[in-house]
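Everything on this sheet refers to the single structure shown next.
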Amino acid sequence: MELKDMKLRDMRKALDSKEISAKELAESYLDRIKKYDGEIKSYITVTEELALSQAQEAQQIIDRGEAQALTGIPVAIKDNICTQGVRTTCASRMLENFIPPYDATVMEKLNSQNIVMLGKTSMDEFAMGGSTQTSAFAKTVNPYNKGCVPGGSSGGSAAAVSARLAPVALGTDTGGSIRQPASFCGITGIKPTYSRVSRFGLVAFASSLDQIGTMALSAEDCGVLLNAICGFDMHDGTSSREDVPDFTAKIGESMKGVRIALPKEYFAEGIDDEVRQCVLAAAEQYRAMGAEIIECSMPSLKYAVSCYYLLACAEAASNLSRYDGIKYGHRTERECDSYEELIVRSRSEGFGDEVKRRILLGNYCLSSGYYDAYYRKALALRQLVRKEYNDIFEKCDMILTPTAPTVAYSPEKTADPVSMYQADICTVTVNIAGLPAISTTCGYDKNGMPIGMSLIGKKFAEQDIIKAASAFEQGFTPVLPRM
Amino acid sequence: MDMEMVKYLADLSKLEFSDEKLGETAQQMTSIIELMDTVKEIDVTYDAYKDNHDVFLPELRSDSVIPSMETAKIVSNAKSSDNCFVVPKVVE
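Order-wise, the sequence lines are chains A and B. Start counting at 1 in the first sequence, then tack on 236, and there's your number in this note's numbering. Start counting at 1 in the second sequence, then tack on 2, and there's your number in this note's numbering.
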C-alpha cells in the first residue's frame, strides 16, 4: 500500500514496526505538497523544516517504544489555530504577518503526542465563508475538479486530505465549515459537541458557535485525532468537564435497533435531486443493517439561516473589534490625523469584503432600534431550535441529513452573498444547538463530484455518530481524486 | 438599506468605504437584510433565564495572582519600546 493511501492505523503499525521512519513519512507528504499544491493551493504556509525536525524527535520516541497514537503522524492545521512561532493568518491581510506568541490548547495537546505539523491550511478569511474563495492568500481548488471550489471555510484542510497532501487535518466549524468542505471534497469531517474542544488559541469568529474538529479519510481517523484534542481546559470558560471517552470504541458494533430520524424539511425543495436520492439511498443502507428509519419534522429550519447569521455576525462584530492595528495585525502606513483614522484605515485595508459585510450586519442587528427585532429574536429562535432537537431525540438516537444542498460548484457562483448564506441551510442548526455532527461521503453525482451525508448526534454522543459513519464507510468504496 | 444607514454602520464598525463601494455595499446589505427579515415571520419570546442560570461559582478559579504571558511575547507582533506598544505620534 502506498503511504499516501494509508489510514492512521496502518501508519501507526508501519512506524512502530520500523517499516517506515517518521522522516520518510513526513517527506512523502512534503514531496506530494511540492508536486501538487501549486495547483490545489491548500496550504498558506508549509512548515517543511519544522516538520522534519519534529519527525526526528518523534522517531526517538518511537525508537524508545513510547509512541502514542499520533507520534510521528503528519497533520495539517487550519490557519486560524494559533501555532507558536508559526505564522497564523486566518487567510486575512489583517494578520498577514502575525506570529502567535503561544500555542492553542489543541496544539499543545497534539505536540504532547509529537505530531509532525506539515503546515497551515487555507480557509475563508476569518472562517467567514463556504468556499475558501475569500482567502487573501490561497484560493484552494477542489481536487475532484479544479474548476470547482473545495467548500469552506476549512477548504484548505479538506482539499489537503482529499488530495492526500495530509492524512489528517484540523478544521473549525461555526456554521458547517468542517462538514460542508468534507462533503465537497469527498472526505470525512466531524464537528464535536460545543465545549468538547478548547477554543483557547482559536482565533474567534462567533464564540458561542465556533468549534475545532477533525478531518480525515475515514470516521475512525477523525475519531483518533478527536481523542487527542478534546478535554476540559481552564483557559476556555466554555470548556466542558465531560469525560472524554475513546471516540472509536464503538466502531464495529452493530447498527441493529439504532433509530435514525430523517427530518422531512431537509429533503424538500432546494436540495438537488441527486443529493436527495443519494442520502435516501444511504438511509436504506442503514435500514439493511438493521437500523430503524423514522421520519420527523423540524419546522424551525425555515428560520435557521437567518437565526444563525444574526447570532454569528453579532458575535463576529464584537470579536473582530480587537483588530485596531495597535497591538498586532495590519496597521496602515498612511499618515493619519487621529487615532480614529488610524484604526478605521487599518481595519478597512486589512479586512476583505465578506468580513466587512458580516461586521456591518452584526452591528446592525445589535444597534438601537433593531436589537429586539433581530438579535433578541435570533436568541429566541436558538431556543426553539434546541427544543425541536430535544423533542426529536426523544424518539431517535441520531439524525440523518444531506450535508449540503448541492455538490461543489464553480467559483463564479460565490459572487452573491445571499445565495452563499442560504447554502448553509443543512448545517447551521447543528451549531445553533451545539450538537456533534459528522459528514461522510455517501455517493457521487453524474459528474463524479462527491455527495456528503451528515449524522447529527445527541450532546456528547460523538461515539455513536462515529460508529454509524464508520458502519456506512465499511460497505462504501470511495473514489479518490486521481493524484 | 439606504446609504445613510450604511455610513452609520460603517462608523459603528470603524470601517470606511469609497463612494463606489458604498453603493455596492448598500445593495448587498439590502438583500442580506431581506433574508434576515425571515425572523419577523415567527412569534417567539426569548427566555433569558433559560440560557444564563448555569454558571457554577465553585468552578471558577480563585482570585489569585498566577503567572501570565511574558510582556516580550505580548508586544512581539507590533513595534514596541520599553515593553510598551509604539504608535504614531498624532496631535489632534
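Where is the CB? At the ideal position from N, CA and C, for every residue including glycine. None of the values given here were measured: they were computed from a predicted structure.
Closest by CA to residue 43(B), which one among 242(A), 702(A), 629(A) and 616(A)? For the purposes of this step, residue 43(B) is taken as the residue at position 41 of the second sequence. Comparing Cα-Cα distances from residue 43(B) to each of 242(A), 702(A), 629(A) and 616(A), the minimum goes to 616(A).
Beta-carbon neighbours of residue 543(A), restricted to chain B and to distances below 7 Å: As a first step, residue 543(A) is located in the first sequence; it is residue number 307 there, counting from the start. Within 7 Å Cβ-Cβ: 41.
Element boundaries [beta strand (DSSP E), containing residue 680(A)]: Residue mapping note: residue 680(A) aligns to position 444 of the first sequence, counting from 1. Its beta strand (DSSP E) spans residues 673 to 680.
Please name the residue in 697(A), 674(A), 371(A) and 514(A) whose C-alpha comes closest to that of residue 680(A). Along the first sequence, one-based indexing puts residue 680(A) at 444. Comparing Cα-Cα distances from residue 680(A) to each of 697(A), 674(A), 371(A) and 514(A), the minimum goes to 514(A).
When you check each C-beta in the segment 330 to 341 of chain A against every C-beta of chain B, which residues fall closer than 7 Å? 334, 335, 337 and 338
Helix, strand or coil for residue 543(A)? Go by DSSP, reduced to three states. Locating residue 543(A) in the first sequence gives position 307, where the first residue counts as 1. Residue 543(A) falls in the helix class under three-state DSSP.
Would you please state the rounded distance, in angstroms, between the beta carbons of residue 437(A) and residue 425(A)? I believe it to be under 8 Å. As a first step, residue 437(A) is located in the first sequence; it is residue number 201 there, counting from the start. As a first step, residue 425(A) is located in the first sequence; it is residue number 189 there, counting from the start. At roughly 20 Å, the Cβ-Cβ gap does not stay under 8 Å, so residue 437(A) and residue 425(A) are not in contact.
Which residue comes first and which comes last in the alpha helix (DSSP H) that contains residue 332(A)? As a position in the first sequence, residue 332(A) is number 96, starting the count at 1. Premise fails: residue 332(A) is in no alpha helix (DSSP H) and is neither H nor E.
Other residues of its chain near residue 430(A): CB distance less than 7 Å, five sequence neighbours each side excluded: The residue given as residue 430(A) occupies position 194 in the first sequence. So the list reads 447 and 670, once near-sequence residues are dropped.
According to a CB-to-CB cut-off of less than 7 Å, which residues of the segment 608 to 621 of chain A neighbour chain B? 609, 610, 612, 613, 614, 615, 616, 617, 619 and 620
Consider the Cβ of residue 18(B): report whether some Cβ of chain A lies at a distance smaller than 8 Å. The sequence position of residue 18(B) within the second sequence is 16, counting from 1. Yes, its Cβ sits closer than 8 Å to a Cβ of chain A.
Ignoring anything shorter than 3 residues or poking outside the segment 28 to 59 of chain B, list the beta strand (DSSP E) runs there in chain order. none
Local Cβ density within 10 Å of residue 646(A), reported as buried at 16 or more and exposed below that: For the purposes of this step, residue 646(A) is taken as residue 410 along the first sequence, with counting starting at 1. Flag for residue 646(A) reads exposed.
Between 421(A), 531(A), 551(A) and 377(A), which has its C-alpha nearest residue 442(A)'s C-alpha? Position 206 of the first sequence, counted from the start, is the residue given in the question as residue 442(A). Selected option, being the one with the closest Cα: 551(A).
Do residue 413(A) and residue 390(A) have their C-beta atoms closer together than 8 Å? The residue you call residue 413(A) lines up with position 177 of the first sequence. The residue you call residue 390(A) lines up with position 154 of the first sequence. Yes.
Simplified DSSP state of residue 381(A), which is helix, strand or coil: The count along the first sequence starts at 1 and reaches residue 381(A) at position 145. Residue 381(A): strand per DSSP, three-state reduction.
Selected residue, minimal CA-CA separation from residue 18(B), among 386(A), 577(A) and 493(A): To locate residue 18(B), count along the second sequence from 1; it is residue 16. When only C-alpha atoms are compared, the closest one is 577(A).
Determine, using beta carbons only, whether residue 368(A) and residue 376(A) come nearer to each other than 8 Å. Start at 1 with the first residue of the first sequence, and residue 368(A) comes out as number 132. Start at 1 with the first residue of the first sequence, and residue 376(A) comes out as number 140. Yes, Cβ-Cβ distance for residue 368(A) and residue 376(A) is below 8 Å.
Considering only residues of the same chain and omitting the five flanking positions on each side of residue 458(A), which have a CB-CB separation below 6 Å? Here residue 458(A) refers to the residue found at position 222 when the first sequence is read from its first residue. Excluding residues within five positions, the ones whose Cβ falls inside 6 Å are 424, 426, 450 and 452.
Is the beta carbon of residue 417(A) less than 8 Å from the beta carbon of residue 383(A)? The residue labelled residue 417(A) in the question sits at position 181 within the first sequence. The residue labelled residue 383(A) in the question sits at position 147 within the first sequence. Cβ atoms of residue 417(A) and residue 383(A): not closer than 8 Å.
How about residue 584(A): is its C-beta nearer than 8 Å to some C-beta of chain B? Against the first sequence, residue 584(A) aligns to sequence position 348. Interface residue, yes.
With 8 Å set as the bound, which would you pick, yes or no: does the beta-carbon of residue 596(A) sit closer than that to a beta-carbon of chain B? In the first sequence, counting from the first residue as 1, residue 596(A) sits at position 360. Yes, because at least one Cβ of chain B sits closer than 8 Å to the Cβ of residue 596(A).
Classify residue 588(A) as buried or exposed, calling it buried when 16 or more other Cβ atoms lie within 10 Å of its own Cβ. Counted from its first residue, the first sequence places residue 588(A) at position 352. Buried, by the Cβ-count rule.
Check whether the Cβ atoms of residue 77(B) and residue 562(A) sit closer than 8 Å, and answer yes or no. Stepping through the second sequence from its first residue, residue 77(B) is reached at position 75. Stepping through the first sequence from its first residue, residue 562(A) is reached at position 326. Taking 8 Å as the Cβ cut-off, residue 77(B) and residue 562(A) do not qualify as a contacting pair.
Residue 300(A): which of 531(A), 251(A) and 463(A) sits nearest, CA to CA? Along the first sequence, read from residue 1 onward, the residue named residue 300(A) stands at position 64. If we check each option's Cα against that of residue 300(A), 251(A) comes out closest.
Let me know if residue 51(B) comes out buried or exposed under the rule of 16 or more other beta-carbons within 10 Å of its beta-carbon. Taking the second sequence and counting its residues from 1, one reaches residue 51(B) at position 49. Residue 51(B) comes out exposed.
Compare the C-beta of residue 470(A) with all C-beta atoms of chain B and state if any pair is closer than 8 Å. Against the first sequence, residue 470(A) aligns to sequence position 234. Chain B, which has a Cβ nearer than 8 Å to the Cβ of residue 470(A), makes this yes.
Does any C-beta atom of chain B lie closer than 8 Å to the C-beta of residue 239(A)? On the first sequence, residue 239(A) is found 3 positions in, with the first residue counted as 1. No, no contact with chain B.
Going by beta carbon distance, what residues of the same chain come within less than 7 Å of residue 699(A), once the five residues before and after it are set aside? Taking the first residue of the first sequence as position 1, residue 699(A) is located at position 463. The residues are 481, 483, 485 and 486.
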